[in-house]
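Okay, so here's the structure we're looking at.
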Amino acid sequence: LSADKLAQDTIDNIKKTDDKLNAWITVQEDAKPASNLDFDQNKLAGIPIAIKDNIITDGVKTTAASHILDNYIPVYDATVIERLKKAQVTFVGKTNMDEFAMGSSTEHSYFGITHNPWNLDKVPGGSSGGSAVAVASGQVVAALGSDTGGSIRQPSAFNGIFGIKPTYGRVSRWGLIAFASSLDEIGVMSKRAKTSAQVLNVIAGSDDHDSTLSTRAVPDFTKYIGQDVKGMHVAVVKEYMAAVDGDMRAVLQEQIDALEKAGAIITEVSLPLTKYAVPDYYIIASSEASSNLQRFDGIRYGYRAQNTKNLLDVYVKSRSEGFGEEVKRRIMLGSFALSAGSYDRFFRQASKVRTLICDEFDKIFAENDVIVGPTTTTPAFGIGSEISDPIKMYNNDILTISANLAGIPAASVPAGLVDGMPVGLQIMAKRFDEGSIFQVADFIERTN
Ligand code: GLN
């Protein structure tokens with residue numbers, strides 16, 4: 020099979036299957052592999068990869084699933100794209116998502132809802148729902164997503180695939196359309212952990228364009244594939260296990276038992292601040308979002324309202340017409356939390372709680388290599404079932420957002436089925452120890 024044929028077959032298959040799924044915003048119908056493919060040098064040469072539509076691609080429309088950017092064609096590549104180009108992957112298009120990555124269901128997209136391939140009436144999760152569905156349905160073998168509060172791990176869990184959010188500071192955010200800069204992280208989704216390890220090898224590592232990036236050396240993550248888990252210290256968080264019902268707990272417990280049987284040392288631990296994670300995250304994320312989204316003013320990029328009277332009117336009308344409801348909700352919440360009278364009560368307080376959450380994790384990781392538990396509180400929910408209740412939607416994120424607040428790496432690996440739908444085992448590790456995550460995830464894949 021030649022890389023040209025693979026590119027063409029991939030596009031044909033996407034066109035055939037995507038009517039039902041709607042995983043893509045842009046399909047690059049003229050997709051072509053790089054010339055002079057070097058298969059010895061580049062393990063991913065000629066492999067088609069999907070890119071979430073909040074990652075900037077030179078010459079290819081990049082919308083963040085928003086009306087306000089629906090005609091935006093960038094003139095440069097994100098660092099991760101530049102690196103994947105050097106590694107000679109084949110780009111086939113951009114995937115659907117919640118607008119500006121705000122959401123947990125891919126129902127908040129200007130380009131329509133994405134459907135879960137396991138059951139078309141269920142959500143695929145979000146916000147990287149399109150990337151998850153593109154991988155789960157076999158349209159591509161790997162996809163990039165972004166994770167600010169769970170947007171890689173939760174859709175991976177809902178679609179029965181592997182997805183990893185690396186350590187904050189591991190992968191350059193240059194060219195990622197910012198949602199909440201202190202939480203955002205680009206990561207990888209694939210059927211198998213090994214594929215994500217190969218992609219992460221390519222995209223990770225220091226970059227002069229992102230000053231929050233660590234300069235430490237990036238290990239070869241594939242080294243951790245195929246290792247055993249004997250002697251690893253695995254913590255199970257009481258509060259996380261209590262958040263899921265009996266059926267789900269049983270599926271997860273089977274995986275924990277398998278780890279124990281293979282020689283891992285299991286300890287129950289407690290993260291008492293878990294109950295504050297959702298309000299803490301939504302204050303911090305919305306505050307940063309309200310600031311980051313100021314640049315969308317109808318002047319510099321994207322959509323501009325017609326029939327405006329003056330400059331202020333251009334701003335107000337362009338933003339009112341260009342942003343969706345959920346994005347406006349976040350901007351209002353964030354502007355409120357940052358306003359003069361509220362800053363001390365909300366943003367400052369939330370920042371303090373964040374530090375305490377970090378400390379809780381550090382204590383556990385002083386004695387353990389990884390934390391395992393559920394990725395989500397339930398399997399995929401029905402399309403339309405939570406969209407009108409934002410608080411309920413936000414509460415879905417309770418198990419994933421602490422990792423972003425603490426900046427630690429975290430992944431979801433398929434753990435089994437509940438009522439015919441996949442559920443994920445979440446694996447968290449110390450900062451810059453993605454290796455242990457790959458080690459445990461690959462073990463779980465091999466035992467299932
Ligand atoms: N569901 C969370 C939110 O809506 C997380 C989104 C994300 O990780 N991008 O903010």
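Using UniProt numbering, read the sequence shown as starting at 20 and increasing by one per residue. All C-beta atoms in this analysis are idealised placements derived from N, C-alpha and C, irrespective of residue type, glycine included.
Exposure of residue i, with buried meaning 16 or more beta-carbon neighbours within 10 Å
| i | result |
| --- | --- |
| T114 | buried |
| N329 | exposed |
| R172 | buried |
| F58 | exposed |
| K141 | buried |
| M447 | buried |
| P185 | buried |
| A356 | buried |
| R78 | Here the sequence assigns Gly to residue 78, which means Arg is not the residue at that position. Counting Cβ neighbours within 10 Å, G78 comes out exposed, since fewer than 16 surround it. |
| M351 | exposed |
| L375 | exposed |
| K35 | exposed |
| S54 | exposed |
| H228 | exposed |
| V94 | exposed |
| N326 | exposed |
| S407 | exposed |
| I420 | buried |
| Q313 | exposed |
| I275 | buried |
Endpoints, the alpha helix (DSSP H) within which residue i is located
| i | result |
| --- | --- |
| F110 | Where F110 is concerned, there is no enclosing alpha helix (DSSP H), although the beta strand (DSSP E) it sits in stretches over T109 to T114. |
| P298 | T293 to N311 |
| A356 | E344 to L357 |
| K62 | Taken as a continuous stretch (DSSP letters only), K62 belongs to no alpha helix (DSSP H), as it is neither H nor E. |
| V335 | L330 to G341 |
| residue 534 | Here the chain covers residues 20 to 467 and nothing more, so residue 534 does not appear. |
| T98 | T98 to K105 |
| Q27 | A22 to L40 |
Cβ-heavy atom distance, residue i to the ligand MN, below 6 Å
| i | result |
| --- | --- |
| M251 | Of the ligands one can find in the structure shown, namely the ligand GLN, none is the ligand MN. |
Closer than 6 Å: residue i CB and nearest the ligand GLN heavy atom
| i | result |
| --- | --- |
| A120 | yes |
| T167 | yes |
| S146 | yes |
| D461 | no |
| D416 | yes |
| S309 | no |
| S407 | no |
| S123 | yes |
| S358 | no |
| S170 | yes |
Run of the beta strand (DSSP E) containing residue i, from where it starts to where it stops
| i | result |
| --- | --- |
| L163 | A161 to S165 |
| V253 | H252 to V256 |
| P67 | P67 to K71 |
| T82 | Premise fails: T82 is in no beta strand (DSSP E) and is neither H nor E. |
| T45 | W43 to V46 |
Inset, instruction - List in chain order: all unbroken alpha helix (DSSP H) runs of 4+ residues lying wholly within the segment 375–446. - result: 409–414 and 420–425
Legend entry - Unbroken stretches of the beta strand (DSSP E), 3 residues or longer, contained in the segment 203–237: 205–209
Inset, instruction - Return the chain-ordered ranges of every beta strand (DSSP E) run that is complete within the segment 260–292 and spans a minimum of 3 residues. - result: 284–288
Legend entry - Unbroken stretches of the alpha helix (DSSP H), 4 residues or longer, contained in the segment 115–196: 148–155 and 172–178
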